[in-house]
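Data first, discussion second: the structure below is written as structure tokens.
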Amino acid sequence: MDEIFNGSAGKAAYEHVRGLLHPAILNHSIRVYLIADRAAGRLSLATEEREALAVACLFHDAGTAPAYDGPQRFEVEGADAASNFLAEREFHPTLRKQVWEAIALHTSPGLAERMGPLTRLVRLGVTVDFGSTASEVDEELRFSLQKFPRAGIEIVLGDAVVSQAVRCPSKAPASSWPGGLLAAHLANPENTGVNEAF
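Have a look at this one:
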């Protein structure tokens, strides 16, 4: 499995998160990486940047894992976790900051697209995986993505974010994506399907 990730940091990140993330969220994170890495091939990224991209994709929803369920929004908790992971591997602070931003802003449309390449690539991976820009997926990439089943990711991820927000409402500010999910849940708590704000 780890042969698909760039460099030792990407492989180590996979080994780290696969024991922490819900299987559906892990598969989603791998699909985000496959999409983002394909797009990164059209850019002139340094080797270390490609490694950092793998870490950013694999950690982008790490804040939903119990191990990283701190008091901040799940995006920020995941960003902090990834930055610390890279610090342990002596990545340059500038690159760590770029990874932090990529994860912290991945649910922020209109902002992520105006930031640096790592942030744009993670955002692209997320939006493509959730179907908003399917033109980015050719037959070869589609074949690769199908190896990692969706397994109800929209329900799993939405429920993970909401369950944290119910316990700690400060993790879901009203104007944020978690806030929208929480509001939709509170308006229709009997819904067992995809959150209406997803």
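In this text, residue positions in the sequence shown follow UniProt numbering: the first is 1, and each later residue adds one. Glycine included, every Cβ here is placed at the ideal spot set by N, Cα and C.
- Cβ neighbours of residue 195 within its own chain (closer than 7 Å, five residues either side excluded): 158, 162, 181, 184, 185.
- Distance check between residue 8 and each of 190, 85, 22, 19 places 85 closest, using alpha-carbon atoms only.
- Residue burial is scored here from C-beta neighbours: residue 167 has fewer than 16 other C-beta atoms within 10 angstroms and is therefore classed as exposed.
- Here the C-alpha atom of residue 95 lies approximately 16 Å from the C-alpha atom of residue 13.
- In the DSSP assignment, residue 47 falls within the alpha helix (DSSP H) that extends over 47-59.
- Sixteen is the threshold: when 16 or more other Cβ atoms of the shown chains lie within 10 Å of the Cβ of residue 98, as they do, the residue is buried.
- At a Cβ-Cβ threshold of 8 Å, residue 75 and residue 63 count as neighbours.
- Beyond the five residues adjoining it in sequence on each side, residue 5 comes within less than 6 Å, by CB distance, of 11, 14, 54 in the same chain, given in chain order.
- Taking residue 126 as the centre and dropping the five residues before and after it, the same chain places the C-beta of 32, 106 closer than 6 Å to its C-beta, in chain order.
- One alpha carbon belongs to residue 108, the other to residue 174, and they sit about 13 Å apart.
- In the three-state reduction of the DSSP assignment, residue 28 falls in the helix class.
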